[in-house]
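Asker:
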Amino acid sequence: MPRTAVVALGGNAITRGGQSGTYAEQAENAHAMARAVCALRDAGWNVVLVHGNGPQVGNLAIQQDEAASIVPALPLFCVNSMTQGQLGSLLGLALLAEGRGRLPGVVSVVTHVMVDPADPAFQRPTKPVGPYFTRDQAADLVRERGWDMVRDGDRGHRRVVPSPKPVGIVEVDAVRALIEQHMIVVAGGGGGIPVIAGDHGLEGIDAVIDKDFTAQRLAASVNADALVLVTDTPKVYVDFDTPDRRAIDEMSVDEAAKHLEDGQFPDGSMGPKVRAAVRFLREGGRTAVITTADRAGPSLDAGDAYGAELVGTRIVGTGR
């Protein structure tokens, strides 16, 4: 029976640094990701693709606000659903093109994700979305729109929104059924549409869920064999900003947890990816990989056929 990998792809891989986010740019980047997914499929893996949407949801929120005098602006959770459709279409078309007729099908599932309304994240927005602004522009947005803004590295200031942890995947049974049909599934886009239980059923709530944590929750829920966390760095490093910096080829889940405890992986960097990997393995997963898209296949099937320089960082359970 084919193995299943859940692959988490960042929104920054679809709109890259220095790009304005045109459709042509996003489509070209989507094809690069699709080639990596098809390579995994050719290696015998069922694939569920989870994508981020930080740049896209932030840009669309700005369009909503700018046009509010003409048409009503929609809430953030609804904007999130709109980017799920946009990016699901973008990735689906790229996968079909790169698959060249050898895929049984590609299905994008608009996915709702349960969150806890008491999650402290709602009182402390931390998730960056949208483009970068200067300090003066950020101050204007705080005053005029009430946005929470923070400095994000050396590139400027960005809007931040609440990022609660995912509790459950509403459409998990549908995703599981599609996997059984060997479809490539795009699900949990942008971390999913955050919902809570209301008086009349599920209700949307304004937030953006971290796509790595949603990918982990989904992977555990469908009993996936592997979790692949795609980033722009081939490997994870410890002692990153010191002369003793070293890349990690493989570490156990306990070693990864110890590095997290020691502060080796900051929350604004590798922290969420390593935390998601640890949770996945402790909930029964076999292997987690953190690497670039093109190294995902060699990393999952690492062995004598590949040199260490060709694979990423593998995190494995103690009972593998």
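Just so you know, the sequence shown maps onto residues 1 to 320 in UniProt numbering.
Beta carbons: idealized from backbone N, C-alpha and C, even for Gly.
What you are looking at is a predicted structure, and each value in this text was computed from that prediction instead of being measured.
1) Tell me, please, which residues DSSP counts as bridged to residue 46.
2) Taking residue 163 as the reference, which of 80, 240, 138, 170 has the closest Cα?
3) Measuring alpha carbon to alpha carbon, tell me which of 113, 265, 63 ends up nearest residue 241.
4) Residues in its own chain within less than 7 Å of residue 16 by CB, not counting five upstream and five downstream?
5) List the residues that DSSP assigns as beta-bridge partners of residue 9.
6) So the candidates are 25, 231, 56, 209; which of them puts its Cα closest to the Cα of residue 121?
7) Which partner residues of residue 248 appear in the DSSP bridge assignment?
8) Do residue 95 and residue 38 count as a contact pair if the criterion is CB distance below 8 Å?
9) Measure the C-alpha to C-alpha separation of residue 82 and residue 49 and round it to an integer number of angstroms.
10) Report the three-state DSSP secondary structure of residue 74 (helix, strand or coil).
11) By the three-class DSSP mapping on this structure, what secondary structure does residue 320 have?
12) Is it buried or exposed, residue 216, if we count other Cβ atoms within 10 angstroms and call 16 or more buried?
13) According to DSSP, what are the bridge partners of residue 112?
14) Buried or exposed for residue 26, going by 16 or more other Cβ atoms inside 10 Å?
15) Taking the alpha-carbon positions, what's the residue 111 to residue 76 distance?
16) Give me the residue from 35, 295, 258, 65 with the minimum Cα distance to residue 144.
17) In chain order, what residues of the same chain lie with their CB nearer than 6 Å to the CB of residue 151, ignoring the 5 residues before and after it?
18) Among 291, 186, 20, 149, which one has its Cα closest to the Cα of residue 85?
19) My guess is that residue 8 and residue 167 are in contact by the Cβ rule of under 8 Å, so how many angstroms apart are they, rounded?
20) Quick one: complete alpha helix (DSSP H) runs, 4+ long, within the stretch 112-147?
21) With the cut-off set at 8 Å, would you say residue 280 and residue 220 are in Cβ contact?
22) What's the C-alpha gap between residue 189 and residue 72?
23) Contact defined as beta carbons within less than 8 Å: I believe residue 115 pairs with residue 207. What is the distance between those atoms, to the nearest angstrom?
24) Report back the beta-carbon spacing between residue 117 and residue 148 to the nearest angstrom; my notes put them in contact at under 8 Å.
25) Classify residue 202: buried if its beta carbon has 16 or more other beta carbons within 10 angstroms, exposed otherwise.
26) Quick one: does residue 202 have its CB under 8 Å from some CB of chain C?
27) Locate the alpha helix (DSSP H) running through residue 259, then write down its first and last residues.
28) What span of residues does the alpha helix (DSSP H) with residue 214 cover, start to end?
29) When DSSP labels each residue in this structure, what does residue 288 get in the three-state scheme?
30) Let me check understanding here. Comparing Cα to Cα, which of 159, 23, 194 lies closest to residue 169?
31) Can you tell me whether residue 59 is buried or exposed, with buried defined as 16 or more other CB within 10 angstroms of its CB?
32) By the three-class DSSP mapping on this structure, what secondary structure does residue 100 have?
Answerer: So, to answer that:
1) The sequence position of residue 46 within the sequence shown is 46, counting from 1. For residue 46, which the question treats as bridged, DSSP gives the partners 4.
2) As a working mapping, residue 163 is identified with position 163 in the sequence shown. Check the Cα spacing between residue 163 and each of 80, 240, 138, 170: the tightest is with 80.
3) Stepping through the sequence shown from its first residue, residue 241 is reached at position 241. Out of 113, 265, 63, 265 has the C-alpha closest to the C-alpha of residue 241.
4) The count along the sequence shown starts at 1 and reaches residue 16 at position 16. The residues are 29.
5) Counting from one through the sequence shown, the residue named residue 9 turns up at place 9. In the DSSP assignment, the residues bridged to residue 9 are 51.
6) Sequence index remark: in the sequence shown, residue 121 carries index 121 (1-based). If we check each option's Cα against that of residue 121, 209 comes out closest.
7) Against the sequence shown, residue 248 aligns to sequence position 248. Partner(s): 236.
8) In the sequence shown, counting from the first residue as 1, residue 38 sits at position 38. In the sequence shown, counting from the first residue as 1, residue 95 sits at position 95. The answer is yes: Cβ separation under 8 Å.
9) Counting from 1 along the sequence shown, the entry for residue 82 is found at position 82. Counting from 1 along the sequence shown, the entry for residue 49 is found at position 49. Taking the straight line joining both Cα atoms gives about 17 Å.
10) As a working note, residue 74 is residue 74 in the sequence shown. Of the three classes helix, strand and coil, the one that applies to residue 74 here is coil, per DSSP.
11) Here residue 320 refers to the residue found at position 320 when the sequence shown is read from its first residue. For residue 320, the predicted structure reports a pLDDT of 47, less than 50, and the residue's modelled location is therefore unreliable. The matter cannot be settled from this model.
12) To locate residue 216, count along the sequence shown from 1; it is residue 216. With 16 or more Cβ atoms within 10 Å of its Cβ, residue 216 is classed as buried.
13) On the sequence shown, position 112 is the one that residue 112 refers to. Per DSSP, 193.
14) Indexing the sequence shown from 1 puts residue 26 at position 26. With 16 or more Cβ atoms within 10 Å of its Cβ, residue 26 is classed as buried.
15) Here residue 111 refers to the residue found at position 111 of the sequence shown. Here residue 76 refers to the residue found at position 76 of the sequence shown. So the alpha carbons of these two residues sit roughly 15 Å apart.
16) Stepping through the sequence shown from its first residue, residue 144 is reached at position 144. That would be 65, whose Cα lies nearest to the Cα of residue 144.
17) Along the sequence shown, read from residue 1 onward, the residue named residue 151 stands at position 151. Closer than 6 Å at the Cβ level, and outside the excluded window around residue 151, lie 157.
18) What you label residue 85 is simply residue 85 of the sequence shown in a count that begins at 1. With distances taken between Cα atoms, residue 85 lies closest to 186.
19) As a first step, residue 8 must be located in the sequence shown, where it is residue number 8. As a first step, residue 167 must be located in the sequence shown, where it is residue number 167. Not a contact, Cβ separation roughly 18 Å.
20) Within the stretch 112-147, the runs of alpha helix (DSSP H) that reach at least 4 residues and sit entirely inside it are, in chain order, 135-145.
21) Within the sequence shown, residue 280 is the residue found at index 280, counting from 1. Within the sequence shown, residue 220 is the residue found at index 220, counting from 1. The Cβ atoms of residue 280 and residue 220 lie closer than 8 Å to each other.
22) To locate residue 189, count along the sequence shown from 1; it is residue 189. To locate residue 72, count along the sequence shown from 1; it is residue 72. Residue 189 and residue 72 have their alpha carbons spaced roughly 24 Å apart.
23) Within the sequence shown, residue 115 is the residue found at index 115, counting from 1. Within the sequence shown, residue 207 is the residue found at index 207, counting from 1. 7 Å between Cβ atoms; contact.
24) Position 117 of the sequence shown, counted from the first residue, corresponds to residue 117. Position 148 of the sequence shown, counted from the first residue, corresponds to residue 148. Wrong, their Cβ atoms sit about 19 Å apart, outside the cutoff.
25) Start at 1 with the first residue of the sequence shown, and residue 202 comes out as number 202. Counting Cβ neighbours within 10 Å, residue 202 comes out exposed, since fewer than 16 surround it.
26) This model lacks chain C altogether, as it is built from one protein chain only.
27) If you number the sequence shown from 1, residue 259 lands on position 259. Taken as a continuous stretch (DSSP letters only), the alpha helix (DSSP H) holding residue 259 covers 253-261.
28) Numbered from its first residue, the sequence shown carries residue 214 at position 214. First-last of the alpha helix (DSSP H) with residue 214: 211-221.
29) To locate residue 288, count along the sequence shown from 1; it is residue 288. Per DSSP, reduced to three states, the secondary structure at residue 288 is strand.
30) Position 169 of the sequence shown holds residue 169. Nearest option by C-alpha distance: 194.
31) Counting from one through the sequence shown, the residue named residue 59 turns up at place 59. Flag for residue 59 reads buried.
32) Taking the sequence shown and counting its residues from 1, one reaches residue 100 at position 100. DSSP, read as helix, strand or coil, puts residue 100 in coil.
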